[in-house]
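Trainee: In this text, residue positions in the sequence shown follow the working numbering: the first is 201, and each later residue adds one.
Quick reminder that beta carbons are idealized off the backbone N, C-alpha and C, glycines included.
One structure, pasted below without further comment.
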Amino acid sequence: MSLVIDSSITLAWLFEDERSAAADAVLREVTESGAVAPSLWRLEVANALQMAVWRNRITAAFRDASIT
201 MSLVIDSSIT
211 LAWLFEDERS
221 AAADAVLREV
231 TESGAVAPSL
241 WRLEVANALQ
251 MAVWRNRITA
261 AFRDASIT
């Protein structure tokens, strides 16, 4: 069985104030077993990171490092 992730769980891993025990557990599972993501996942994550830059939540450098 494959785990399917979406942008919201990915962003929880990136933003410290959105971290939770559940998000950390999913990250461990993804690290160990892998996951699949919807085709729009990259665009959704990139958009959310850009919005975070515009809102001064993160720096452009953090956004760029997170995308690569």
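1. Counting only beta-carbon separations shorter than 7 Å, does residue 211 have a partner in chain D?
2. Taking all protein chains shown into account, decide if residue 209 is buried (16 or more other Cβ within 10 angstroms of its Cβ) or exposed.
3. Taking the straight line between their C-alpha atoms, what separation do you get for residue 229 and residue 203?
4. Per DSSP, residue 230 is paired with what?
5. When you compare each of 250, 257 and 242 to residue 216 by their alpha carbons, which one comes out closest?
Mentor: Let me spell this out:
1. The chain labelled as chain D is not found in the depicted structure, where only one protein chain is given.
2. Here residue 209 refers to the residue found at position 9 when the sequence shown is read from its first residue. Buried.
3. Stepping through the sequence shown from its first residue, residue 229 is reached at position 29. Stepping through the sequence shown from its first residue, residue 203 is reached at position 3. Across the structure, residue 229 and residue 203 are spaced so that their CA atoms are roughly 8 Å apart.
4. Reading the sequence shown from its first residue, position 30 is the one you call residue 230. Its beta-bridge partners do not exist; DSSP assigns none.
5. As a working mapping, residue 216 is identified with position 16 in the sequence shown. The candidate whose alpha carbon is nearest that of residue 216 is 257.
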